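Q: Under the working numbering, the first residue of the sequence shown is numbered 3, with each subsequent residue one higher. Below is a structure I'd like to ask you about.
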Amino acid sequence: MEFLIILLVIVGLIAMYVASTYNKLIQRRNMTQDQWAQVDVFLKRRADLIPNLVETVKGYASHEKETFDAVITARNRVVSAPSAEAEMQANGELTATLGRLFALAEAYPDLKANTNFLDLQANLKETEDKISYARQFYNDAVLQYRNLMQVFPSNIVASMFKFENMPFFEATENEKVAPQVKF
3 MEFLIILLVI VGLIAMYVAS TYNKLIQRRN MTQDQWAQVD VFLKRRADLI PNLVETVKGY
63 ASHEKETFDA VITARNRVVS APSAEAEMQA NGELTATLGR LFALAEAYPD LKANTNFLDL
123 QANLKETEDK ISYARQFYND AVLQYRNLMQ VFPSNIVASM FKFENMPFFE ATENEKVAPQ
183 VKF
């Protein structure tokens, strides 16, 4: 009888540990999804600002069609990305093309003094800063989630319930290279 009580206590403790770990994994997974949603909000804001910025610059540099097309194409890839990973990749391309657009603006002094352009540029810079912070928070949440999934003994619970890794938001090769604009 005493053995049965000890066995029930051990099984109960294991069940409580599994339930507790399962709940932590769910909370961390939800936190990473929430942080990705925060990144997504700022990426959407940036995507909404870009057409206005391009139209403003077009009035001053109408012969720079290739740069405008590249920015709009990159923006459209971000908006239509089917997954978080694809959106991360598309955002790297967009960042690089935006760099080309701002470098292009340097060649047009009248454009740099245009209040619409300055306002859009300031909004875009503010949004880029928020994206950077949101990416950092997202990656921190992913790190906590991955750590919980991979450390012993919670990795056993994670594999039992088939928890999957979340991707880190990493800089693409395009983002690591400074944009070059030649006139």
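Ideal Cβ placement from N, Cα and C applies to all residues, glycine included. The model shown is predicted, which means the values in this text are computed figures rather than measured ones.
Counting pairs of beta carbons, one from the stretch 67 to 78 and one from the stretch 98 to 107, are three or more of them closer than 8 angstroms?
A: In short, these stretches touch, since the Cβ pair count reaches three.
Q: Rounding to the nearest angstrom, what Cα-Cα distance links Phe-119 and Leu-113 in this structure?
A: Numbered from 1 along the sequence shown, position 117 holds the residue referred to as residue 119. Numbered from 1 along the sequence shown, position 111 holds the residue referred to as residue 113. The alpha-carbon atoms of Phe-119 and Leu-113 are separated by roughly 7 angstroms.
Q: With burial defined as no fewer than 16 other Cβ atoms inside 10 Å of the residue's Cβ, what is the status of Ala-92: buried or exposed?
A: Indexing the sequence shown from 1 puts residue 92 at position 90. Buried, by the Cβ-count rule.
Q: Taking the straight line between their C-alpha atoms, what separation do you get for Val-43 and Ala-109?
A: For the purposes of this step, residue 43 is identified with residue 41 of the sequence shown, where counting begins at 1. For the purposes of this step, residue 109 is identified with residue 107 of the sequence shown, where counting begins at 1. Looking at the two C-alpha atoms, the distance is approximately 32 angstroms.
Q: Whole angstroms is fine: what's the gap from Leu-9's alpha carbon to Ala-17's?
A: To locate residue 9, count along the sequence shown from 1; it is residue 7. To locate residue 17, count along the sequence shown from 1; it is residue 15. Going from the Cα of Leu-9 to the Cα of Ala-17 covers about 12 angstroms.
Q: Have a look at Glu-66 and Trp-38 and give me their C-alpha separation to the nearest angstrom.
A: Here residue 66 corresponds to residue number 64 of the sequence shown, with the count starting at 1. Here residue 38 corresponds to residue number 36 of the sequence shown, with the count starting at 1. Going from the Cα of Glu-66 to the Cα of Trp-38 covers about 34 angstroms.
Q: Does the Cβ-Cβ distance between Leu-126 and Arg-77 come in under 8 angstroms?
A: Position 124 of the sequence shown holds residue 126. Position 75 of the sequence shown holds residue 77. No, they are not a contact pair.
Q: Buried or exposed for Gln-138, going by 16 or more other Cβ atoms inside 10 Å?
A: Position 136 of the sequence shown, counted from the first residue, corresponds to residue 138. When all chains shown are included, Gln-138 counts as exposed.
Q: What are the start and end residues of the alpha helix (DSSP H) that includes Pro-53?
A: For the purposes of this step, residue 53 is taken as the residue at position 51 of the sequence shown. 4 to 60 is the span of the alpha helix (DSSP H), which, as asked, contains Pro-53.
Q: Just mark Val-152 as buried or exposed, buried being the case when its beta carbon has 16 or more other beta carbons within 10 Å.
A: Here residue 152 refers to the residue found at position 150 when the sequence shown is read from its first residue. Per the sequence presented here, residue 152 reads as Gln, with Val not at that position. Gln-152 should be labelled exposed.
Q: Taking just the CA atoms, how far does Asn-167 sit from Ala-88?
A: Along the sequence shown, one-based indexing puts residue 88 at 86. Along the sequence shown, one-based indexing puts residue 167 at 165. Rounded to whole angstroms, Ala-88 to Asn-167 spans 16 angstroms at the Cα level.
Q: Suppose contacts are defined by Cβ-Cβ distances below 8 angstroms. Is Ala-1 in contact with Val-59 by that definition?
A: Nothing can be reported for residue 1, as the shown portion of the chain is limited to 3 through 185.
Q: Starting from the C-beta of Val-80, find all residues in its chain whose C-beta is less than 7 angstroms away, skip the five residues before and the five after it, and write them out in chain order.
A: Numbered from its first residue, the sequence shown carries residue 80 at position 78. Around Val-80: Leu-45, Ala-49, Glu-89, Ala-92, Asn-93, Leu-96.
Q: Would you tell me roughly how many angstroms separate the C-alpha atoms of Ile-7 and Leu-15, rounded to the nearest one?
A: As a position in the sequence shown, residue 7 is number 5, starting the count at 1. As a position in the sequence shown, residue 15 is number 13, starting the count at 1. Taking the straight line from one Cα to the other gives about 12 angstroms.
Q: With burial defined as no fewer than 16 other Cβ atoms inside 10 Å of the residue's Cβ, what is the status of Gln-123: buried or exposed?
A: Your numbering for residue 123 matches position 121 in the sequence shown. Result: buried.
Q: Are any of the Cβ atoms in chain C nearer than 8 angstroms to that of Val-59?
A: Structure shown: chain C not included; a single protein chain is present.
Q: CA-CA distance, Lys-164 and Gly-61?
A: Counting from 1 along the sequence shown, the entry for residue 164 is found at position 162. Counting from 1 along the sequence shown, the entry for residue 61 is found at position 59. Using only the alpha carbons, I get a separation of about 54 angstroms.
Q: Can you tell me the Cα-Cα spacing of Phe-171 and Glu-68, whole angstroms?
A: The residue you call residue 171 lines up with position 169 of the sequence shown. The residue you call residue 68 lines up with position 66 of the sequence shown. The straight-line gap from Cα to Cα measures roughly 28 angstroms.
Q: When the Cα atoms are used, what is the spatial distance from Met-33 to Ala-143?
A: The count along the sequence shown starts at 1 and reaches residue 33 at position 31. The count along the sequence shown starts at 1 and reaches residue 143 at position 141. So the alpha carbons of these two residues sit roughly 6 angstroms apart.
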